[in-house]
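Student: Residue numbers (my numbering): 0 to 848.
Next up is a structure, given as structure tokens.
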């Protein structure tokens with residue numbers, strides 16, 4: 000028996016300390032704290048013994064007699080007590096408990112373990128090995144890393160210490176652990192530890208089996224339903240049970256829609272999925288958004304057409320100045336629809352029905368708009384019949400330069416019909432999904448612009464403007480122009496299927512109108528579905544009238560000057576038009592007028608009101624407010640010159656004149672520079688400068704060939720042709736690329752003038768393509784070119800004979816101020832353009848005198 004000693008007692012609640020185990024202990028009871036302080040003053044040893052019950056104030060009666068001599072390691076003091084690390088060293092038995100200085104003390108003697116007589120006995124060795132293996136298995140089943148488990152168990156080789164280590168970490172009650180602590184026989188303790196370990200292994204295995212069986216029986220869906228029911232109960236208790244109310248409201252809203260059988264089946268399927276899905280799940284959000292799109296589309300809402308042709312003409316005149324040809328075409332467009340709508344409405348009123356197949360481009364096509372085919376679908380609603388009849392017919396394509404009123408004409412059509420107006424900008428669209436939408440499998444999927452526009456309109460028969468169809472792009476995501484083919488085909492668009500909706504939507508009552516700037520950029524199949532209405536540029540007088548009637552009042556209103564009685568003189572408006580804008584439309588003109596009104600508004604805001612009220616803006620004040628002129632258009636030459644002719648050109652921004660200069664070099668040839676092109680035409684080399692395109696270069700070569708081959712007939716002296724070595728053609732404004740065949744006669748006139756040393760009339764401009772035989776071929780853009788020549792001060796215009804009919808498009812006021820000469824050959828051109836000198840025999844022969 001060991002030596003007796005007296006140690007402070009450390010009562011343990013809910014746990015048992017074993018030798019060789021290090022455990023953290025929290026102490027807060029006064030008696031325990033005093034015992035710890037006593038131990039810290041001495042050799043830091045305490046007698047750690049478990050309590051029989053969880054009493055707050057321990058006494059000797061509730062303490063076991065067997066405990067562990069433990070050494071106090073680290074101590075951390077806090078407000079609620081101390082945290083200490085306790086290291087068990089040896090079993091001990093308390094002989095007597097006593098109270099001293101406010102804490103318990105115990106007279107103890109160490110307890111000696113009973114080791115086996117033969118440590119190498121096979122039975123004991125097998126028991127020790129089995130205990131180790133089962134302890135390792137238990138640790139792994141609890142989720143501890145295998146390496147950590149083996150490292151901890153292999154660190155203890157003694158069988159007694161090993162049994163104490165395992166006993167300290169397995170889950171046992173206090174009496175069971177106390178029984179292991181009081182078992183002094185190592186073999187018996189090892190056997191009892193093995194029993195406890197095996198029992199816990201069996202418990203863990205049984206739990207795994209039960210868990211697997213439960214998961215198999217319930218399944219994931221049943222588990223989800225069980226949790227959802229719990230969630231509903233919780234929400235009901237919290238007063239947050241509005242999910243079912245939202246679904247009921249959505250179902251009621253969808254039930255009022257006149258959907259096709261296919262759409263109704265899809266809606267019911269998605270409603271069922273929504274009811275089964277969790278409210279906050281991602282799937283529920285996607286389904287709810289889809290059903291809300293379905294509910295907000297105008298499946299059975301249409302506006303009533305009240306078209307009156309006379310009123311439509313008044314609306315067009317109110318909203319737009321000029322554009323007579325366009326207005327006539329629009330009124331014809333509306334007149335046909337008015338008559339057709341009246342005819343259909345009368346038949347419905349008489350017979351009570353009208354076959355929907357008669358309102359399609361192809362009566363054999365099936366229409367699922369109302370859940371069947373057109374053959375068995377009879378229209379009985381007069382409003383629907385009129386709406387379908389109004390939408391049937393060619394789709395108009397408004398083509399012309401920017402700012403000439405294409406979009407506003409479409410808006411006026413909607414106002415005349417009493418329909419909703421929707422504009423969809425297609426410029427830059429490069430993905431087919433822009434038209435057809437994204438499939439719902441994609442994150443962030445949404446319908447295409449057509450369906451979005453229908454939702455915005457709120458009716459199934461709006462005026463739908465497809466703006467800038469010539470700006471559609473193409474990429475690897477598809478060609479959006481191809482997706483428009485179905486939209487603009489009356490035989491197909493009654494069953495247009497957006498990828499997001501996944502069900503057909505009827506577009507047969509929509510009145511589509513498209514706009515473009517460059518008709519050449521529209522694919523052929525798409526253009527074939529539309530009827531082109533050309534918009535030409537405005538004359539300066541038309542621009543002035545538009546400015547006075549529409550633009551100036553609008554800019555005064557936007558600048559806050561509508562009550563200041565501010566007016567513009569005609570000269571001021573014309574100055575803005577001629578010196579600060581250069582366009583076919585009036586957008587830039589409105590910006591410049593807005594700049595004037597803003598500068599005036601600034602003066603008013605600064606207190607300079609005396610000079611503003613009842614003020615008239617003159618041309619001089621426009622120069623003061625806007626600064627130097629921003630546009631420098633070409634003007635007719637001041638005198639007749641040799642080798643310089645006046646041509647005409649046309650761009651989408653309008654028409655204008657250009658000068659063609661020709662110079663003949665006599666003697667040796669020079670080497671062309673990098674920006675020149677030298678072409679040999681017979682004995683004469685041709686140099687072209689001014690950024691000329693391929694077609695314009697070909698016109699210059701043809702003109703030189705004709706001039707040299709017909710020199711005698713054109714009055715060009717033979718010696719001047721023989722001595723010529725180079726012909727240099729230059730078109731000023733070299734920074735601007737130029738191309739096209741219409742400058743052919745202007746180039747030929749300049750060459751003949753230079754080679755014959757005869758002057759070209761400064762007041763004559765010309766346009767037309769030339770051939771090697773001297774024929775003058777027709778060209779395009781006559782109206783714009785004539786208007787540009789008129790602005791430049793030209794008095795005589797030469798055009799191809801084949802373009803004579805195009806002069807009807809030129810405003811009458813311009814035609815009265817100009818003299819036109821339709822020509823068929825270059826000789827006719829030269830007879831008019833060259834200055835006539837009667838003493839020259841060649842010219843006498845040329846003009847037939």
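Cβ coordinates follow ideal geometry from the N, Cα and C atoms, glycine included.
Count the CB pairs spanning the segment 508 to 528 and the segment 448 to 468 that are closer than 8 angstroms, and state whether there are at least three.
Tutor: Segments in contact, yes.
Student: Since residue 849 and residue 126 are thought to touch, with beta carbons under 8 angstroms apart, how far apart are those beta carbons, to the nearest angstrom?
Tutor: Since the displayed the chain opens at 0 and closes at 848, residue 849 lies outside it and no answer follows.
Student: Report yes if the C-beta distance between residue 185 and residue 159 is below 8 angstroms; otherwise report no.
Tutor: Counting from 1 along the chain shown, the entry for residue 185 is found at position 186. Counting from 1 along the chain shown, the entry for residue 159 is found at position 160. Yes. Within cutoff.
Student: Identify whether residue 457 lies in helix, strand or coil by the three-state DSSP scheme.
Tutor: Here residue 457 corresponds to residue number 458 of the chain shown, with the count starting at 1. In the structure shown, residue 457 sits in coil (DSSP, three-state: anything other than H, G, I, E or B).
Student: Is the segment 728 to 738 touching the segment 612 to 631, taking contact as three or more C-beta pairs under 8 angstroms?
Tutor: The answer is no - the segment 612 to 631 does not touch the segment 728 to 738, with fewer than three Cβ pairs under 8 angstroms.
Student: Look at the alpha carbon of residue 448 and the alpha carbon of residue 479, and state the distance between them as a whole number of angstroms.
Tutor: Along the chain shown, read from residue 1 onward, the residue named residue 448 stands at position 449. Along the chain shown, read from residue 1 onward, the residue named residue 479 stands at position 480. Whole-angstrom Cα-Cα distance: 11 angstroms.
Student: Which partner residues of residue 798 appear in the DSSP bridge assignment?
Tutor: Counted from its first residue, the chain shown places residue 798 at position 799. DSSP output for residue 798 lists 821 as bridge partner(s).
Student: Excluding five sequence neighbours on each side, which residues of the same chain lie with their C-beta closer than 7 angstroms to the C-beta of residue 819?
Tutor: Working through the chain shown from its first residue, we reach residue 819 at position 820. If we look at residue 819 and ignore the five residues flanking it on each side, its Cβ neighbours are 796, 798 and 806.
Student: Just mark residue 301 as buried or exposed, buried being the case when its beta carbon has 16 or more other beta carbons within 10 Å.
Tutor: To locate residue 301, count along the chain shown from 1; it is residue 302. When all chains shown are included, residue 301 counts as buried.
Student: Check the Cβ-Cβ distances between residue 704 and every residue of chain C, and say whether any is below 8 angstroms.
Tutor: Of the protein chains in the structure, only one exists, and it is not chain C.
Student: Give me the Cα-Cα distance between residue 801 and residue 738, rounded to the nearest whole angstrom.
Tutor: As a first step, residue 801 is located in the chain shown; it is residue number 802 there, counting from the start. As a first step, residue 738 is located in the chain shown; it is residue number 739 there, counting from the start. Their Cα atoms are separated by approximately 21 angstroms.
Student: Are the segment 393 to 409 and the segment 511 to 524 touching by the rule of at least three beta carbon pairs closer than 8 angstroms?
Tutor: Verdict: yes, contact present.
Student: If contacts are defined as beta-carbon pairs under 8 angstroms, then residue 314 and residue 274 qualify, I think. What distance do you get, rounded to the angstrom?
Tutor: Translated into positions along the chain shown, residue 314 becomes position 315. Translated into positions along the chain shown, residue 274 becomes position 275. That pair is no contact at about 50 angstroms.
Student: Taking the beta carbon of residue 147 as the centre, do at least 16 other beta carbons fall within 10 Å, making it buried, or is it exposed?
Tutor: Locating residue 147 in the chain shown gives position 148, counting from the first residue. The residue in question, residue 147, is exposed, as its Cβ has fewer than 16 Cβ neighbours within 10 Å.
Student: Rounded to whole angstroms, what is the Cα-Cα separation between residue 555 and residue 725?
Tutor: In the chain shown, counting from the first residue as 1, residue 555 sits at position 556. In the chain shown, counting from the first residue as 1, residue 725 sits at position 726. One C-alpha to the other measures close to 59 angstroms.
Student: State the DSSP-derived secondary structure class of residue 831, mapped to helix, strand or coil.
Tutor: Counted from its first residue, the chain shown places residue 831 at position 832. DSSP places residue 831 in helix when its eight states are reduced to three.
Student: On the premise that residue 27 lies in contact with residue 46, defined as a C-beta separation below 8 angstroms, what is that separation, rounded to the nearest angstrom?
Tutor: Numbered from 1 along the chain shown, position 47 holds the residue referred to as residue 46. Numbered from 1 along the chain shown, position 28 holds the residue referred to as residue 27. In fact, because the Cβ distance is near 19 angstroms, the residues do not count as touching under 8 angstroms.
Student: Which parts of the segment 521 to 598 are runs of the alpha helix (DSSP H), unbroken and 4 residues or longer, counting only runs that do not cross its ends?
Tutor: Entirely contained in the segment 521 to 598, the alpha helix (DSSP H) runs reaching 4 residues are, in chain order, 523 to 526, 539 to 545, 551 to 557 and 569 to 579.
Student: Flag this pair as yes or no: are the beta carbons of residue 6 and residue 104 separated by less than 8 angstroms?
Tutor: One-based indexing of the chain shown puts residue 6 at position 7. One-based indexing of the chain shown puts residue 104 at position 105. Cβ atoms of residue 6 and residue 104: closer than 8 angstroms.
Student: Looking at residue 470 and residue 425, is the spacing between their C-beta atoms short of 8 angstroms?
Tutor: By 1-based counting over the chain shown, the position of residue 425 is 426. By 1-based counting over the chain shown, the position of residue 470 is 471. Yes; because the gap between Cβ atoms is below 8 angstroms, this pair is in contact.
Student: Where DSSP assigns a beta bridge to residue 640, which residues make up the other side?
Tutor: Here residue 640 refers to the residue found at position 641 when the chain shown is read from its first residue. Answer is 759, bridged to residue 640.
Student: In or out: residue 721 buried (at least 16 other Cβ within 10 Å) or exposed?
Tutor: Taking the chain shown and counting its residues from 1, the one referred to as residue 721 is at position 722. The residue is exposed, with fewer than 16 neighbouring Cβ atoms inside 10 Å.
Student: Does the beta-carbon distance from residue 85 to residue 24 come in below 8 angstroms?
Tutor: For this step, residue 85 is matched to residue 86 along the chain shown. For this step, residue 24 is matched to residue 25 along the chain shown. Contact flag set, yes.
Student: Given a cut-off of 8 angstroms, decide if residue 299 and residue 248 are closer than it, judged by their beta-carbon atoms.
Tutor: Taking the chain shown and counting its residues from 1, the one referred to as residue 248 is at position 249. Taking the chain shown and counting its residues from 1, the one referred to as residue 299 is at position 300. No, Cβ-Cβ distance for residue 248 and residue 299 is not below 8 angstroms.
Student: Where does residue 511 sit, in a helix, a strand or coil, going by DSSP?
Tutor: The residue you call residue 511 lines up with position 512 of the chain shown. Three-state result, residue 511: strand.
Student: Would you call the CB atoms of residue 730 and residue 657 closer than 8 angstroms?
Tutor: By one-based count along the chain shown, residue 730 stands at place 731. By one-based count along the chain shown, residue 657 stands at place 658. Yes, the Cβ-Cβ distance between residue 730 and residue 657 is below 8 angstroms.
Student: Output yes or no for whether 8 angstroms exceeds the beta carbon distance between residue 534 and residue 405.
Tutor: Within the chain shown, the letter at position 535 stands for residue 534. Within the chain shown, the letter at position 406 stands for residue 405. For residue 534 and residue 405, yes; Cβs fall inside 8 angstroms.
Student: Taking the alpha-carbon of residue 490 as reference, which of 531, 441, 569 and 394 has the nearest alpha-carbon?
Tutor: Counting from 1 along the chain shown, the entry for residue 490 is found at position 491. Of the candidates 531, 441, 569 and 394, the one whose C-alpha sits nearest the C-alpha of residue 490 is 394.
Student: Would the beta-carbon of residue 418 fall within 8 angstroms of that of residue 462?
Tutor: Looking up residue 418 in the chain shown gives position 419. Looking up residue 462 in the chain shown gives position 463. Result yes, Cβ atoms of residue 418 and residue 462 sit closer than 8 angstroms.
Student: If you draw a straight line from the alpha carbon of residue 742 to that of residue 703, how long is it in whole angstroms?
Tutor: Your numbering for residue 742 matches position 743 in the chain shown. Your numbering for residue 703 matches position 704 in the chain shown. Those two C-alpha atoms are separated by around 13 angstroms.
Student: Give a yes or no on whether the C-beta atoms belonging to residue 793 and residue 546 are separated by under 8 angstroms.
Tutor: Here residue 793 is taken as the residue at index 794 of the chain shown, counted from 1. Here residue 546 is taken as the residue at index 547 of the chain shown, counted from 1. No, the pair does not count as a contact, with Cβ atoms beyond the cut-off.
Student: Specify, as a first and last residue, the run of the alpha helix (DSSP H) that residue 73 falls within.
Tutor: Residue mapping note: residue 73 aligns to position 74 of the chain shown, counting from 1. Where residue 73 is concerned, there is no enclosing alpha helix (DSSP H), although the beta strand (DSSP E) it sits in stretches over 65 to 77.
Student: Going by DSSP, what residues sit across from residue 109 in a beta bridge?
Tutor: For the purposes of this step, residue 109 is taken as the residue at position 110 of the chain shown. Paired residues: 91.
Student: Alpha carbon to alpha carbon, how far is residue 76 from residue 55? Give it in angstroms, no decimals.
Tutor: Reading the chain shown from its first residue, position 56 is the one you call residue 55. Reading the chain shown from its first residue, position 77 is the one you call residue 76. Distance between the alpha carbons of residue 55 and residue 76: 21 angstroms.
Student: For residue 206, count the other beta carbons within 10 Å of its own beta carbon; 16 or more makes it buried, fewer makes it exposed. Which is it?
Tutor: Position 207 of the chain shown, counting from 1, holds the residue named residue 206. With fewer than 16 other Cβ atoms within 10 Å, it is exposed.
Student: If I follow the unbroken beta strand (DSSP E) through residue 174, where does it start and stop?
Tutor: As a working mapping, residue 174 is identified with position 175 in the chain shown. Here residue 174 belongs to no beta strand (DSSP E); instead the alpha helix (DSSP H) covers 173 to 181.
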